[in-house]
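**Student:** Here it is, the structure in full.
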Amino acid sequence: MSTEKKHKRILMVVTSHDRIDADRATGLWFEEFALPYVEFKAGGLAVAVASPRGGAAPIDPRSEPKSEAASAWAEARQALQQTKPLASVKADDFDAIFLPGGHGTMFDLPGNDALHRLLQAFADADKVVAAVCHGPAGLVGAKRSDGTPLVAGKTITAFTDDEERAAGLDGAMPFLLETKLRGMGARFVVRPNWSSHVEQDGRLITGQNPQSSGDTARAIIEALKK
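Listed below in structure tokens is the structure:
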């Protein structure tokens, strides 16, 4: 009988959307993927990466790291080159799902049927569902099997309306994330702009902004030990 310890598996879902408009590129905010990726690997998790379209995932050029972080995050960058198409992924193969942010998520994760089927399956199985910054855009439209919004009655956080205004992109987004999640019945908690802030409600874990990436990842790792 094998005594080898089975690694917990986490699915990271990133955006495939690379433009806000003709003049502005967008995509994944790299820190929100790379820092958790490194944490997950160090924590002994097996990591897979998926996106709506599969293939190479776009990185928001504004989030390109400085030289020191670029070296530390090289493996994470490589993992973004061949993401799995979301429609090909099965929830049964994973113990947790994590949605990093970036403004691209605001365009292609809300209303994504493949993602919402996965999220419903994770929630129904009481598996960890997590997101950071704009990643909770993927929770917009997601429902439990009884038809209620996945976030209804849940204490969560995400990139706040005030942070969006401070970033100067509130007028360029299809909606404001905080407002949208509140409208779905979430108990939305706000902390000062750009401060690390994580909320955990049962198996649902959310982080407010890029500065929350590391703490969100560590909360996921701890939740998977239980």
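So for the sequence shown, my numbering puts the first residue at -4; every next one is plus one.
Even glycine gets a Cβ: it sits at the ideal position worked out from N, Cα and C.
Count the C-beta pairs between the region 140 to 148 and the region 168 to 187 that are closer than 8 Å, then say yes if the count reaches three, no if not.
**Tutor:** Segments in contact, yes.
**Student:** Evaluate the contact criterion for the region 190 to 206 versus the region 119 to 127: three or more CB pairs, one atom per stretch, below 8 Å.
**Tutor:** Touching, per the Cβ criterion.
**Student:** Can you check whether the CB of phenylalanine 25 is closer than 8 Å to the CB of proline 60?
**Tutor:** Going by C-beta atoms, proline 60 is nearer than 8 Å to phenylalanine 25.
**Student:** Less than 8 Å between the beta carbons of glycine 290 and isoleucine 216, yes or no?
**Tutor:** Because the chain here runs from -4 to 221, residue 290 falls outside it and cannot be looked at.
**Student:** Per DSSP, phenylalanine 183 is paired with what?
**Tutor:** In the DSSP output, where bridge partners are listed per residue, phenylalanine 183 has Ile151.
**Student:** Run through DSSP, which three-state label would serine 191 get?
**Tutor:** Reduced to three states, the DSSP call for serine 191 is coil.
**Student:** Can you give the Cα-Cα distance for valine 84 and glutamine 195, rounded to whole angstroms?
**Tutor:** Looking at the two C-alpha atoms, the distance is approximately 25 Å.
**Student:** In chain order, what residues of the same chain lie with their CB nearer than 6 Å to the CB of alanine 109, ignoring the 5 residues before and after it?
**Tutor:** Leu81, Ala82, listed in sequence order.
**Student:** If contacts are defined as beta-carbon pairs under 8 Å, then isoleucine 54 and leucine 75 qualify, I think. What distance do you get, rounded to the angstrom?
**Tutor:** The pair is a contact, with the Cβ atoms about 7 Å apart (cut-off 8 Å).
**Student:** Just the Cα atoms here: how many angstroms apart are glycine 50 and serine 11?
**Tutor:** So the two alpha carbons sit approximately 9 Å from each other.
**Student:** Taking buried to mean at least 16 other C-beta atoms within 10 Å of its own C-beta, is glutamate 159 buried or exposed?
**Tutor:** Glutamate 159 should be labelled buried.
**Student:** Which two residues bound the contiguous beta strand (DSSP E) that contains phenylalanine 102?
**Tutor:** Phenylalanine 102 -> not in any beta strand (DSSP E); alpha helix (DSSP H) instead, spanning 100 to 103.
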